[in-house]
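Numbering-wise (numbering that gives the first Met the number 0), the sequence shown opens with residue 0 and increments by one. Structure first, commentary second.
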Amino acid sequence: MNDNKIKEAWKKVEPDQEADERMRKAILRKNNAAKLKKPFFFSSALSLSLILIIAFSFLNDNSTDFPSSQEEIIKEEIQELEFNLKKSDSSIKVSYVDEVMGTETEASLVYLSEGELLAERSNGVQIAAFRGTIKAIHNLEVNFSYQTDYLAVVEVEIIEDYRTYLKPGTVITVMAPGHILDGGGSNTVMDTAGHLQVGAETIMMPVRYDETAIYSVGEQTLYLQEIAEYGLGDGIRWLFVETSEGLVFAEFAYPSFEQVETLEDVAEIIGDY
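Structure representation (structure tokens):
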């Protein structure tokens with residue numbers, strides 16, 4: 000009788016083929032440490048307006064890592080954000096999702112030199128620069144009438160602001176184009192941002208949203224300011240992430256950063272601009 004109970008209990012915890020595949024992918028992703036050393040080649044060009052008007056709709060794989068008990072406790076403490084869409088079209092719905100769904104798309108990166116990426120202004124728009132700690136990551140979906148888009152809103156606690164007035168300890172929200180998965184995302188436009196995790200330190204260079212920052216689908220308009228205070232132009236070039244494997248950033252976009260190994264090194268270079 001006891002033997003039968005043990006066998007039945009084991010069947011309940013034994014991973015099926017799908018779970019086994021998810022674990023395999025998670026292990027492979029952990030082993031593929033993560034500096035972006037080569038440029039990406041894409042099929043078409045996007046305008047620099049991607050800084051303000053972000054196209055979302057990307058595919059992430061559904062594999063997940065298995066968090067430590069400490070990570071689980073952190074996640075339980077994270078409070079969901081509330082979105083009160085006043086200016087945006089009332090038919091647009093913003094909600095949380097646990098699993099990514101959608102169609103993978105290739106998005107071009109408009110070429111920008113290292114100097115342009117590090118400049119305080121781009122196309123007349125001021126670019127912020129700050130160091131902070133990731134406090135929470137919120138994966139969201141935005142439902143339009145005929146389209147569903149995916150994005151992440153990251154809460155960042157400021158450690159040091161290099162260009163504006165943000166005080167240490169201030170918590171701000173930053174939008175990233177696509178979902179962020181435990182252990183790293185897989186989107187072409189999320190190769191750096193995909194390494195953001197709660198507790199990690201990062202240097203970001205986003206734009207601060209104002210009333211002109213919009214995203215339109217047909218006749219429906221979403222005011223990005225109602226989703227987050229700041230937004231990354233893409234998830235590759237506008238941030239640097241400190242991980243257990245070292246500093247992750249788009250090395251192809253910063254050719255002079257060959258000796259850069261820490262966020263302190265990055266901050267020193269940003270200070271020269």
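C-beta: ideal position from N, C-alpha, C; glycine also.
Check                                                                                                                                                                    : Outcome
Taking the beta carbon of GLN146 as the centre, do at least 16 other beta carbons fall within 10 Å, making it buried, or is it exposed?                                  : exposed
Of the choices VAL240, HIS178, GLN78, ALA249, whose alpha-carbon is the least far from that of ALA135?                                                                   : GLN78
At the level of alpha carbons, what is the spacing between VAL265 and TYR208?                                                                                            : 24 angstroms
Considering Cα atoms alone, identify which of ASP88, SER255, VAL155, ALA227 is closest to GLU81.                                                                         : ALA227
Please classify ASN122 as buried or exposed, where buried requires at least 16 neighbouring CB atoms within 10 angstroms.                                                : exposed
Ignoring anything shorter than 3 residues or poking outside the segment 81 to 127, list the beta strand (DSSP E) runs there in chain order.                              : 92 to 95
Would ASN138 and HIS178 be called neighbours here (beta carbons separated by less than 7 angstroms)?                                                                     : yes
Taking 7 angstroms as the cut-off, decide whether the C-beta atoms of PHE239 and ILE213 are in contact.                                                                  : no
According to DSSP, which residues form a beta bridge with SER215?                                                                                                        : THR220
What does the Cβ neighbour count give for GLU196, buried or exposed, with the cut at 16 atoms within 10 Å?                                                               : Note on residue identity: the sequence assigns Gln, not Glu, to residue 196. Burial call: buried.
According to the Cβ coordinates, are MET174 and GLY131 closer than 7 angstroms?                                                                                          : no
Could you pull the start and end residues of the beta strand (DSSP E) that ASP148 belongs to?                                                                            : 147 to 160
DSSP beta-bridge partners for ARG236?                                                                                                                                    : Answer by DSSP bridge pairing: none, since ARG236 is not bridged.
Compute the distance between the beta-carbons of LYS86 and TYR222, then report whether it is under 7 angstroms.                                                          : yes
Please state if the CB of PRO205 and the CB of ALA118 are separated by a distance shorter than 7 angstroms.                                                              : no
Do you know offhand how far ARG120's Cα is from GLY114's?                                                                                                                : 11 angstroms
What is the C-beta distance between ALA199 and ILE157, in whole angstroms, given that I count them as a contact (C-beta under 8 angstroms)?                              : In fact, because the Cβ distance is near 14 angstroms, the residues do not count as touching under 8 angstroms.
Within 10 angstroms of its Cβ, does GLU267 collect 16 or more other Cβ (buried), or is it exposed?                                                                       : exposed
Here's a check: name, in chain order, each residue in its chain whose Cβ is nearer than 7 angstroms to the Cβ of ILE269, leaving out the five neighbours to either side. : LEU117, ALA128, TYR161
Spell out the partners DSSP gives TYR312 in its beta bridges.                                                                                                            : Coverage of the chain is limited to positions 0 through 272, which leaves residue 312 absent and any answer about it impossible.
Using the three-state DSSP reduction, which class does ALA266 fall into: helix, strand or coil?                                                                          : helix
Look at the Cβ atom of GLY245, then the Cβ atom of ALA192, and state whether they are nearer than 7 angstroms.                                                           : no
Reducing DSSP to helix, strand and coil, say where GLY193 ends up.                                                                                                       : helix
When you compare only the Cα positions, how much space is there between ALA252 and LEU111?                                                                               : 8 angstroms
Note down the Cα distance separating THR220 from ASP88, rounded to an integer number of angstroms.                                                                       : 6 angstroms
Would you identify the three-state DSSP class for GLU225, choosing helix, strand or coil?                                                                                : helix
Would you kindly check if the distance between the Cβ of THR172 and the Cβ of GLU154 is under 7 angstroms?                                                               : yes
Measure the alpha-carbon distance for THR163 versus THR242 and round it to whole angstroms.                                                                              : 26 angstroms
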